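Chains as they are written, first to last, in numbering that gives the first Met the number 0: chain Z, 0 to 402; chain H, 0 to 91. The C-beta atom is built at its ideal place from N, Cα and C for all residues, glycine as well. The model shown is predicted, which means the values in this text are computed figures rather than measured ones. Inspection log for the structure reproduced underneath, given as structure tokens.
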Amino acid sequence: MDKVDKMDRADKMGNLDKVHKMGNLDEIERIELAVVGGGPAGLAAAVKAAELGLESIVLFERDNFLGGQLVKQTHQFFGSKDQYAGTRGIDIAEELTDKVRKEAAIEVKTGAVVQGYYEDAVIGYLEDERFQKVKPEKTIIATGAAEKMLSFPNNDLPGIYGAGAVQTLMNQYGILPGEEILMIGAGNIGLIVTYQLLQAGVKVKAVVEATDKIGGYAVHATKIRRAGIPILTKHTIKEARGDSKVEEAVICQLDENWNIIPGTEEILEIDTICLAVGLTPKIDLALQAGCQMAYVPELGGDVPVRDEDLEMTEENIYIAGDAGGIEEATAAILEGELAAINAVRAISGGGSDLEAVYAEVSEKLADLRRGPVGEEIRSGLKKARGDENAGRDRYSRQRRYSK
Amino acid sequence: MDENDIIICRCEDLSLAEIREVIEEGYTNIDEIKRIIRLGMGPCRGGTCLQLIDRVLAEYQGAGRDEIQMPTNRPPVEGIKLKEIVGDAVER
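See the structure below:
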């Protein structure tokens, strides 16, 4: 081995040493609060935490813009006046984003993907093509949801979209997904997207819904029916057909056991199928943190077990918005605020001001979930909270995950 | 209905027929199926297929969906290049 080679090697060893040091906890930047996700829940959480006096908050968003799903929501919201009723989702996104940008305590990282939640509560994230770490005292997970898929023959043909993708194309980029569409799912998303497609001049052939009732608000359903579009309950898609893209959809009727009733098949000529069959929480980080999960269909599937204050079964980590259970943007905003209040309380101790804000936000959230519309959510949340007297680790309906 | 045409895992292009094949060979939990045919190991990290596979397994086991054990969730959440982890600390 000659001298140059030796030096080269020594130099590389030195550099390797640097790599190992990346794991040294003392060298990791510390912050008070990390908020993962720049949608309604995350934005609201960051703003509230700053308003309540935290000084180092980092807001992570994987997209290059803030607002999450709100930026696609061109329709006006329902509900009470002080909860954005009559305001379009996209305007709510702008309002919340402005507030975030005005707070000096919030460092906004867009285009930053949180890749992992590690032991010792360290967050690893990818920004500017570099994997970096930060150690927050508290973390709020507001990662939102992912769309569910259906299994039917040829479900991978081009022209089959999730409703989120259709909204992105149409409302965010001004591109029509197709000309003749079959909508699957009559929940609020299915109905709202159907109406938006109609407004954009797309022909919607039918809306099919597997259950026996329309899940979305009657107001939306009425508008669609008035436009002459059939909403077929107890119907599903049997298969998609086409060579290189979707050309036909076979729909059929279901009996009370969800079996296809033979002879009820009907062929629709379409070039696009839109799936609006529900969302499921994005729970990756909560799982990595070791939090317990419960299978709660009312909330979209596996959700983290959490207490009233939105803290999960591992300490220092809170959940807010769709990541904890599928609800609406207004609920996500309030949950974000609530999680922030609780995180601040845990960091800086309580105070009468804090308690007043806590009471106010909890009351708003309870209001929103009151009445028949909120019944499913209330029942789901009860399951997700488990037996409150049983302590952190004794949730009876825990979903098993491999360790 | 041809189950070869029903795609369960889009990232790894796995059909329901292929999944049934390994289940019938005796690989009856998601962790095993993952290791044998890479179910859920593509870019979406199981985001789509895990919502479909537990129902398939529940049917075989005569169990509820919520009784099916889910696989370990590990970092990274999305694909990441080795270069992005080590940076320029190690060349070549």
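Where V57/Z falls, given that 16 or more other Cβ within 10 Å makes a residue buried: The count along the first sequence starts at 1 and reaches residue 57/Z at position 58. Within a 10 Å sphere around the beta-carbon of V57/Z sit 16 or more other beta-carbons, which makes this residue buried.
Going residue by residue through the region 54-110 of chain Z, where are the continuous beta strand (DSSP E) segments of at least 3 residues, counting only ones entirely within it? Taken in chain order, the whole beta strand (DSSP E) runs of length 3 or more contained in the region 54-110 of chain Z are 56-60 and 105-109.
Local Cβ density within 10 Å of V372/Z, reported as buried at 16 or more and exposed below that: As a first step, residue 372/Z must be located in the first sequence, where it is residue number 373. So V372/Z counts as exposed.
Spatial neighbours of Y266/Z in its chain, beta-carbon cut-off 7 Å, leaving aside the 5 residues before and after: The residue you call residue 266/Z lines up with position 267 of the first sequence. In the sequence as displayed, the identity of residue 266/Z is Ile instead of Tyr. Sequence-distant Cβ neighbours of I266/Z in its own chain, meaning closer than 7 Å and more than five residues away, are E247 and V249.
Taking any Cβ of chain H, which residues in the region 119-138 of chain Z have a Cβ under 8 Å from it, in chain order? Residues G123, L125, E128, R129 and F130.
Touch test, the region 312-325 of chain Z against the region 17-34 of chain H, Cβ-Cβ under 8 Å, three pairs minimum: Flag = no, the region 312-325 of chain Z and the region 17-34 of chain H do not touch.
Got a sec? Which residues, its chain only, sit under 6 Å from S297/Z by beta carbon, not counting five neighbours each side? Counting from 1 along the first sequence, the entry for residue 297/Z is found at position 298. Rather than Ser, the amino acid found at residue 297/Z in this sequence is Glu. These residues qualify, in order along the chain: E375, S378 and G379.
Taking a cut of 9 Å between CB atoms, which residues from the region 17-39 of chain H lie near chain Z? Going along the region 17-39 of chain H in chain order, one finds N28, I29 and D30 with a Cβ nearer than 9 Å to chain Z.
Go to L333/Z, then tell me how far its alpha helix (DSSP H) extends in each direction, as first and last residue. For the purposes of this step, residue 333/Z is taken as residue 334 along the first sequence, with counting starting at 1. Unbroken alpha helix (DSSP H) run through L333/Z: A328 to S347.
For Y172/Z, does the three-state DSSP call read helix, strand or coil? Mapped onto the first sequence, residue 172/Z falls at position 173. In this structure, Y172/Z counts as coil in the three-state DSSP scheme.
Output yes if chain H places a C-beta closer than 7 Å to the C-beta of L286/Z; else output no. The residue labelled residue 286/Z in the question sits at position 287 within the first sequence. Output row for L286/Z: interface = yes.
If you draw a straight line from the alpha carbon of V206/Z to that of F77/Z, how long is it in whole angstroms? Taking the first residue of the first sequence as position 1, residue 206/Z is located at position 207. Taking the first residue of the first sequence as position 1, residue 77/Z is located at position 78. Inter-residue distance for V206/Z and F77/Z is about 23 Å (C-alpha atoms, whole angstroms).
Residues bridged to S14/H (per DSSP): Reading the second sequence from its first residue, position 15 is the one you call residue 14/H. Bridge partners of S14/H: I6/H.
Could you check whether the Cβ of M148/Z sits closer than 7 Å to any Cβ belonging to chain H? Indexing the first sequence from 1 puts residue 148/Z at position 149. With respect to chain H, the C-beta atom of M148/Z has a partner C-beta closer than 7 Å.
May I have a chain-ordered list of the beta strand (DSSP E) segments no shorter than 3 residues that lie completely inside the region 171-217 of chain Z? Qualifying beta strand (DSSP E) stretches, in chain order: 179-183 and 202-208.
Looking at the strands, I want to know which residues DSSP matches up with K137/Z. Translated into the one-based positions of the first sequence, residue 137/Z becomes position 138. DSSP lists L32/Z as partners of K137/Z.
Chain Z residues whose Cβ lies nearer than 7 Å to that of L51/H: Along the second sequence, one-based indexing puts residue 51/H at 52. Under the 7 Å cutoff, chain Z gives M148 and S150.
With a Cβ-Cβ cutoff of 7 Å, do F130/Z and I84/H count as a contact? Position 131 of the first sequence, counting from 1, holds the residue named residue 130/Z. Position 85 of the second sequence, counting from 1, holds the residue named residue 84/H. Yes.
Please report whether the beta-carbon of R377/Z lies at a distance below 7 Å from any beta-carbon of chain H. Stepping through the first sequence from its first residue, residue 377/Z is reached at position 378. Chain H, which has no Cβ nearer than 7 Å to the Cβ of R377/Z, makes this no.
P74/H: contacting residues in chain Z (beta-carbon distance under 8 Å): Residue 74/H sits at position 75 when you count from the first residue of the second sequence. Residues of chain Z whose Cβ lies closer than 8 Å to the Cβ of P74/H are, in chain order, Q114, G115, Y116, Y117, G123 and Q287.
Spatial neighbours of R398/Z within its chain, please: C-beta separation below 7 Å, excluding the five flanking residues on both sides. In the first sequence, counting from the first residue as 1, residue 398/Z sits at position 399. Here the set comprises M292, A293, Y294 and D301.
Around the Cβ of E118/Z, are there at least 16 other Cβ atoms within 10 angstroms (buried) or fewer (exposed)? Taking the first residue of the first sequence as position 1, residue 118/Z is located at position 119. That one is exposed.
Check each candidate in K132/Z, S150/Z, A226/Z and A217/Z and name the one with the smallest Cα separation from A239/Z. If you number the first sequence from 1, residue 239/Z lands on position 240. It is S150/Z.
If you reduce the DSSP assignment to three classes, tell me which class K402/Z lands in. Here residue 402/Z corresponds to residue number 403 of the first sequence, with the count starting at 1. If DSSP states are grouped into helix, strand and coil, K402/Z belongs with coil.
How would you write the range of the beta strand (DSSP E) that Y116/Z sits in, first residue to last? Along the first sequence, one-based indexing puts residue 116/Z at 117. In this chain, the beta strand (DSSP E) harbouring Y116/Z covers V112 to Y117.
Is Y124/Z helix, strand or coil by DSSP? The sequence position of residue 124/Z within the first sequence is 125, counting from 1. It is a strand residue.
Examine chain H for any beta-carbon lying closer than 7 Å to the beta-carbon of K20/Z, and answer yes or no. Here residue 20/Z is taken as the residue at index 21 of the first sequence, counted from 1. Low confidence applies to K20/Z: its pLDDT is 49, below 50, so where it sits in the model is not reliable, and the reading given next is rough at best. Interface flag for K20/Z against chain H is unset, since no Cβ pair is found closer than 7 Å.
May I ask you to report which of helix, strand or coil DSSP gives A248/Z? As a working mapping, residue 248/Z is identified with position 249 in the first sequence. Note: A248/Z maps to strand in three-state DSSP.
Report, in whole angstroms, the separation of the C-beta atoms of G41/Z and A141/Z, which I expect to be a contact under 8 Å. For this step, residue 41/Z is matched to residue 42 along the first sequence. For this step, residue 141/Z is matched to residue 142 along the first sequence. The pair is a contact, with the Cβ atoms about 4 Å apart (cut-off 8 Å).
Rounded to the nearest angstrom, what separates V34/Z and A44/Z at their Cα positions? Locating residue 34/Z in the first sequence gives position 35, where the first residue counts as 1. Locating residue 44/Z in the first sequence gives position 45, where the first residue counts as 1. Roughly 7 Å between the two C-alpha positions.
Flag R398/Z as yes if its beta-carbon sits less than 7 Å from any beta-carbon of chain H, otherwise no. To locate residue 398/Z, count along the first sequence from 1; it is residue 399. Look at R398/Z: its C-beta is under 7 Å from a C-beta on chain H.
One question on the structure: do P70/H and G115/Z come within less than 7 Å of each other, judged by their Cβ atoms? If you number the second sequence from 1, residue 70/H lands on position 71. If you number the first sequence from 1, residue 115/Z lands on position 116. P70/H places its beta carbon 7 Å or farther from that of G115/Z.
Leaving aside the five residues before and after C10/H along the sequence, list all residues of the same chain whose C-beta is less than 6 Å from its C-beta, in chain order. Reading the second sequence from its first residue, position 11 is the one you call residue 10/H. Cβ contact annotation for C10/H (same chain, cutoff 6 Å, sequence separation greater than five): G41, P42 and C43, in chain order.
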